[in-house]
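Residue numbers (the working numbering): 68 to 204. We treat Cβ as the ideally placed atom computed from N, Cα and C, and that holds for glycine.
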Amino acid sequence: MDLATAEPTDIGHALRGIGLNLLCRDVRATAGFLCDVLGLQVVRQSADFAIIRHDGMLMQFHSDATFGAHPLLALLPDMPPRGAGAQIYLFGLDPDAVVARADPDAVLERARDKPHGLREATVLSPDGYALTVARRI
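This is the structure we're talking about:
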């Protein structure tokens, strides 16, 4: 299936396993950050929705407006960061390269070797989600 042109129902029926969907104030800004800073692939994008692919896995991003009737919207803070306490790992990416491309103010943790055999760095998305990129040492 071509996710770039598929009908929403077909996309929904194709989803399996665990899914990640993040609400964003500005989907285009978030997709641009994920593409430009993390090097992820934008599969589909509009003002209100994006599908991003990393290593065969899909992530979805919806604008706040698309969740207008959903009770989750009432739980969002007025100001970032969103997702406080959640850490989203993206394995197989170069933490040093990501930090070099990121806005210095978005770097929460610079690249460093961890005792569990990974080199990691954490950057904040435009909405304040903590995205940790990691690769094997």
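Item	Value
Between the CA atoms of V165 and A197 - distance to the nearest angstrom	13 Å
Beta-carbon proximity of F100 to P193, cut-off 8 Å	yes
Cutoff 6 Å; reference L87; Cβ partners in own chain excluding five residues on either side	M126
Pair within 8 Å by beta-carbon distance, R120 and V110	yes
Pair within 8 Å by beta-carbon distance, A191 and A201	Here residue 191 turns out to be Leu, not Ala, going by the sequence shown. No, the Cβ-Cβ distance between L191 and A201 is not below 8 Å.
F100, enclosing alpha helix (DSSP H) - first and last residue	V94 to D103
DSSP three-state assignment for D170, whether helix, strand or coil	coil
Contact under 8 Å by Cβ, D115 with T133	yes
Alpha helix (DSSP H) segment containing A81, residue limits	P75 to A81
Simplified DSSP assignment, three categories, for T133	helix
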